[in-house]
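> Each residue of the sequence shown is one higher than the last, beginning at 1004 in this note's numbering.
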Amino acid sequence: MSVPYELSVNGHAHQVEDSWLGESLLFVLRERLGLTGSKVGCEQGECGSCSVLVDGVLVCACLVLAASAVDAEVTTIEALGDDVLTDVQAAFVSEGGVQCGFCTPGLVMAVHDLLDRNPAPGPLEVREAVSGNLCRCTGYGRVLAAVEAAVSTRASRS
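#1: Compute the beta-carbon to beta-carbon distance between Thr1089 and Leu1038, rounded to the nearest angstrom, for a pair I have assumed lies under 8 angstroms.
#2: What residues are listed by DSSP as bridge partners for Val1091?
#3: Does DSSP put Ala1016 in a helix, a strand or coil?
#4: If you draw a straight line from the C-alpha of Ala1094 to the C-alpha of Ser1027, how long is it?
#5: Contact between the region 1097 to 1114 and the region 1133 to 1153: three or more CB pairs below 8 angstroms?
#6: Give the DSSP-derived three-state secondary structure of Ser1097 in the structure shown.
#7: Rank Ser1097, Gly1135, Arg1160, Ser1161 by C-alpha distance to the C-alpha of Val1150 and give the top, closest one.
#8: DSSP three-state label for Leu1029, please.
#9: What does DSSP give as the partner residues of Thr1078 in its beta bridges?
#10: In angstroms, rounded to a whole number, what distance separates the CA positions of Arg1082 and Val1060?
#11: For the 8 angstroms Cβ check, are there 3 or more pairs between the region 1063 to 1074 and the region 1120 to 1132?
#12: Run the CB neighbour count on Val1087, radius 10 Å, all protein chains shown included, and call it buried at 16 or more, exposed below.
#13: Please state whether DSSP places Leu1036 in a helix, a strand or coil.
#14: Three-state secondary structure (DSSP) at Cys1065?
#15: Using a Cβ-Cβ cut-off of 8 angstroms (strictly less than) and excluding sequence neighbours within five positions of Ser1022, which residues of its own chain qualify?
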């Protein structure tokens, strides 16, 4: 049975039509709304490639029912750096934290979430923040360097 509902995604209201109420937020974002920045990886909440913010909380969109986000604000990777890279995205590029790019949206969302909560995280906090994201290409060294670069960039602006 399909019931139409409205989702607020990246500050815009989106009507969701012809959706089964059991569809994941990831499926609805990608297939119903055309927001393909969040990646389909494991579909079990293990890889982090589908990470989004729901009311400011980092979640795996594959584990959230879309209909449960009706009264929430969903923020996806598409909301970051419309035409200009954010400091985190730029750091990933400059520090070689982007290889194949599949894990990048989830990692960038996780790092933005971390730095918005704690502008000067320690090494263990950084490792914990990115621990929910699997990357097969970088070995995480370049990702950690990107976080350090983003922290430095933000500190120099303060």
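Just so it is clear, CB atoms sit at the ideal spot from N, CA and C, and this is done for glycine as well.
A quick note: this is a predicted structure, and the numbers were derived from the prediction, not measured.
This is what the structure gives:
#1: If you number the sequence shown from 1, residue 1089 lands on position 86. If you number the sequence shown from 1, residue 1038 lands on position 35. About 17 angstroms; that fails the 8 angstroms criterion.
#2: Taking the first residue of the sequence shown as position 1, residue 1091 is located at position 88. Paired residue(s): none; Val1091 is not in a bridge.
#3: Along the sequence shown, one-based indexing puts residue 1016 at 13. Note: Ala1016 maps to strand in three-state DSSP.
#4: Along the sequence shown, one-based indexing puts residue 1094 at 91. Along the sequence shown, one-based indexing puts residue 1027 at 24. Using only the alpha carbons, I get a separation of about 31 angstroms.
#5: yes
#6: Locating residue 1097 in the sequence shown gives position 94, counting from the first residue. The answer is helix: DSSP assigns Ser1097 an H, G or I state.
#7: On the sequence shown, residue 1150 is found 147 positions in, with the first residue counted as 1. Looking at the Cα atoms, Ser1097 is the closest of the given residues.
#8: Along the sequence shown, read from residue 1 onward, the residue named residue 1029 stands at position 26. In this structure, Leu1029 counts as helix in the three-state DSSP scheme.
#9: Walking along the sequence shown from the start, residue 1078 turns up at place 75. For Thr1078, which the question treats as bridged, DSSP gives the partners Leu1056.
#10: The sequence position of residue 1082 within the sequence shown is 79, counting from 1. The sequence position of residue 1060 within the sequence shown is 57, counting from 1. Looking at the sequence shown, residue 1082 is not Arg but Ala. Cα-Cα distance, rounded: 15 angstroms.
#11: no
#12: On the sequence shown, position 84 is the one that residue 1087 refers to. Val1087 is exposed by the Cβ-count criterion.
#13: Numbered from 1 along the sequence shown, position 33 holds the residue referred to as residue 1036. Leu1036 falls in the coil class under three-state DSSP.
#14: What you label residue 1065 is simply residue 62 of the sequence shown in a count that begins at 1. Cys1065: helix per DSSP, three-state reduction.
#15: Position 19 of the sequence shown, counted from the start, is the residue given in the question as residue 1022. Cβ within range, chain order: Ser1005, Val1006, Pro1007, Tyr1008, Val1031, Arg1035, Ala1069, Ala1070.
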